[in-house]
Amino acid sequence: MRVARRLETVWIGLACWLGLAIGVAGAQEEYFELRGAVHLHTNYSTGKKETIAEIAQKAKEHGVDVLIFTEDDILQVRYGLPLLRDLLGFTYTEPAPITDGALGEYFEEIQRVGAKHPELIMFGGIESNPFYYWEVDLAALTWTMHSFDKHIIALGMDKVEEYAQLPVIHGKGNERWDWSSLLLLWPLIGVAYGLFLGASHPRGLRLGVLIVSTLCLINNFPFKVTYMDQYNGDPGSGPYQHYIDYVNRHGGLVLWPHLEAKSAIPPTDFLGGLFHFASITEPHPEDLVDTYDYAGFAALYADNITATEPGHQWDIVLGQYLAGQRAKPIWGEGEIDYHYDQKGGRIHDILTVFLVKDRTREAVMDALRQGRMYAVRGGDEQLVLDTFEVESEIRRGIAGEEIPSQGLARISMRIDKLNGKQEEVKLRLIKTGEVLAEFSGLTPLEFQQVDTGIHPGEKVYYRLMAQSRTARLTSNPIFVTGVEGVP
Ligand SMILES: [Zn+2]
Numbered sequence: 248m249r250v251a252r253r254l255e256t257v258w259i260g261l262a263c264w265l266g267l268a269i270g271v272a273g274a275q276e277e278y279f280e281l282r283g284a285v286h287l288h289t290n291y292s293t294g295k296k297e298t299i300a301e302i303a304q305k306a307k308e309h310g311v312d313v314l315i316f317t318e319d320d321i322l323q324v325r326y327g328l329p330l331l332r333d334l335l336g337f338t339y340t341e342p343a344p345i346t347d348g349a350l351g352e353y354f355e356e357i358q359r360v361g362a363k364h365p366e367l368i369m370f371g372g373i374e375s376n377p378f379y380y381w382e383v384d385l386a387a388l389t390w391t392m393h394s395f396d397k398h399i400i401a402l403g404m405d406k407v408e409e410y411a412q413l414p415v416i417h418g419k420g421n422e423r424w425d426w427s428s429l430l431l432l433w434p435l436i437g438v439a440y441g442l443f444l445g446a447s448h449p450r451g452l453r454l455g456v457l458i459v460s461t462l463c464l465i466n467n468f469p470f471k472v473t474y475m476d477q478y479n480g481d482p483g484s485g486p487y488q489h490y491i492d493y494v495n496r497h498g499g500l501v502l503w504p505h506l507e508a509k510s511a512i513p514p515t516d517f518l519g520g521l522f523h524f525a526s527i528t529e530p531h532p533e534d535l536v537d538t539y540d541y542a543g544f545a546a547l548y549a550d551n552i553t554a555t556e557p558g559h560q561w562d563i564v565l566g567q568y569l570a571g572q573r574a575k576p577i578w579g580e581g582e583i584d585y586h587y588d589q590k591g592g593r594i595h596d597i598l599t600v601f602l603v604k605d606r607t608r609e610a611v612m613d614a615l616r617q618g619r620m621y622a623v624r625g626g627d628e629q630l631v632l633d634t635f636e637v638e639s640e641i642r643r644g645i646a647g648e649e650i651p652s653q654g655l656a657r658i659s660m661r662i663d664k665l666n667g668k669q670e671e672v673k674l675r676l677i678k679t680g681e682v683l684a685e686f687s688g689l690t691p692l693e694f695q696q697v698d699t700g701i702h703p704g705e706k707v708y709y710r711l712m713a714q715s716r717t718a719r720l721t722s723n724p725i726f727v728t729g730v731e732g733v734p
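When we follow the numbering used here, the leftmost residue of the sequence shown carries the number 248, and every step to the right adds one.
Below is the structure:
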């Protein structure tokens, strides 16, 4: 009994000490910044020109600490005519690690080069196009491919085989044997007719049936069925959610890249104008709202972005989190979508700045999972968010954190240029989907905003967007939950 009571005292003491420790945590100065280039292509696929080693060298020259490679797994398009889809049709394939049998080599090469540059943190992921579909007008001989450039990124899974099995339309993860595979054996009936059953029928008919049935049997080999195919129109967000769920089950995380890029191959004629082909992928920021349990999205990339504007898709999903409709918030990051060293697409032009306590891959992944990061665009002119903190009566919090408040939130911000130059910057402080305050001034720019009246049980968040003539910055939100004051 006495032992139990003494233990209880120890526990209470420990809890108080922990409470104090938590009370003083959450200050940005406890972390240091690692500048990360996210979404890199290499000579393994669409990057074509530069090797992983060359990209690592460029990163060092431009002060980039983290390299996250995201090669395309499979770049393939197929169309087959009904009934003989695999025999009568076309397949177009571009180089990519899975189709080239180089997936293992790609991950090994990142490790090998990473070992040569211990000052860099390098790791690999995969960019997939899980799905696309055809709109075909056979009368007009027109083929239109939809959503081929609707991409999604998987990171943080441990095994190469887990990437090899990603549920993408032309990947192994889309195929399986099950009872309906038996239905694909239907041509055996025709084969049997040609060989035995039709013995009393004309020889020509039997031979014809035998040939067609054998072709169909070959077409259906190896009798696997697929979860999804490109011939049944638009299934909405289903294939993408299926992909997200797979990656989460295997301990990884998913990012949505370039949601608002519009990409199109305009109608092109083939065989002297006999066939017409087009490819259309519409901007699709609504996928932020329509899918669940992904970790983040490209809040800055080389395009105009509207999903991050106050009240748009990002704020809608963050609002769903506040309302308990999502398990976790969705974080914004910066993606360079690097293919080679080009104007506007240099390795350091768009970065994710991770706030970490250790210079390790685990610390970077943790920052990515917890939203302890911000996105910058501007290359040599990039902005630095020295401070973005919210302080209540109880504690301080930084991006990605959630703090309790008895009514007060003091938001502190300090923004500067990495190169120390002076430049006019415009800032928007966004509270739960609406602009709370706007500021502008020359860098280094520092200010505070005090927000009051956060009621017990109320949940809000604050996030920051900055813009100058040469640069942009988008922060992640800091959450505040109202609690009862001390009576
Ligand atoms: Zn890409």
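Even for Gly, the Cβ is constructed at its ideal location relative to N, Cα and C.
Under the three-state reduction of DSSP, which class applies to residue 424: helix, strand or coil? Residue 424 carries a coil assignment under DSSP once its states are collapsed to helix, strand and coil.
My output table needs one value for residue 475: the three-state DSSP class, helix, strand or coil. coil
From what residue to what residue does the alpha helix (DSSP H) around residue 535 run? 534-537
Applying the 10 Å Cβ sphere with the 16-neighbour rule, what's the burial state of residue 396? By the Cβ neighbour-count rule, residue 396 is buried, with 16 or more other Cβ atoms within 10 Å of its own.
Using a Cβ-Cβ cut-off of 7 Å (strictly less than) and excluding sequence neighbours within five positions of residue 526, which residues of its own chain qualify? 392, 395, 511, 512
Selected residue, minimal CA-CA separation from residue 719, among 727, 377, 665: 665
What is the DSSP secondary structure of residue 270, counted as helix, strand or coil? Here the model assigns residue 270 a pLDDT of 42, short of 50, so the residue's position is not dependable, and the following value carries that caveat. DSSP places residue 270 in helix when its eight states are reduced to three.
How far does the alpha helix (DSSP H) with residue 562 in it reach, from first residue to last? 560-569
Going by alpha carbons, who is nearest to residue 657 out of 643, 457, 663, 649? Ranking 643, 457, 663, 649 by Cα distance to residue 657 puts 643 first.
Report the three-state DSSP secondary structure of residue 737 (helix, strand or coil). It is not possible to answer for residue 737, since the shown part of the chain is limited to 248 through 734.
Buried or exposed by the 16-neighbour rule on C-beta atoms within 10 Å, applied to residue 635: buried
Looking at ligand 1, does it come within less than 7 Å of residue 344, judged from the CB to the closest heavy atom? no
Quickly, what does DSSP pair residue 318 with across the bridge? List them, please. The partner list for residue 318 (beta bridge, DSSP) reads 373.
Just checking residue 286 against ligand 1 - is the residue's beta carbon closer than 7 Å to any of the ligand's heavy atoms? yes
With residue 697 as the anchor, note down where its beta strand (DSSP E) starts and where it stops. 692-698
DSSP puts residue 673 in a beta bridge; with which residues? 687, 714
As a quick exercise: from 668, 707, 714, 701, pick the residue whose alpha carbon is nearest that of residue 685. 714
For residue 371, which residues from the same chain have a beta carbon less than 6 Å from its beta carbon, with the 5 sequence-adjacent residues on both sides left out? 316, 354, 357
Measuring alpha carbon to alpha carbon, tell me which residue in 732, 455, 540 is nearest residue 488. 540
For residue 531, verify whether its CB is less than 7 Å away from any heavy atom of ligand 1. no
Specify whether the stretch 378-392 and the stretch 400-410 touch according to this definition: at least 3 beta carbon pairs, one from each stretch, less than 8 Å apart. No: fewer than three Cβ pairs fall under 8 Å.
Any non-hydrogen atom of ligand 1 closer than 7 Å to residue 584 Cβ: yes
Using a Cβ-Cβ cutoff of less than 6 Å, which residues in the same chain neighbour residue 640 once the five nearest sequence positions on both sides are dropped? 653, 655
Answer yes if the stretch 615-630 comes into contact with the stretch 541-549, meaning at least three C-beta pairs across the two stretches below 8 Å, and no otherwise. Between the stretch 541-549 and the stretch 615-630, the count of Cβ pairs shorter than 8 Å is three or higher; the stretches touch.
Are there 16 or more other CB atoms within 10 angstroms of the CB of residue 724, so buried, or fewer, so exposed? buried
Helix or strand or just coil, what does DSSP make of residue 432? helix
So what does DSSP say about residue 468, is it helix, strand or coil? Reduced to three states, the DSSP call for residue 468 is coil.
Residue 721 - DSSP class collapsed to helix/strand/coil: DSSP places residue 721 in strand when its eight states are reduced to three.
Using CA coordinates, which residue listed in 638, 626, 706 is at the minimum distance from residue 309? Minimum Cα-Cα distance from residue 309 among the listed residues 638, 626, 706 corresponds to 626.
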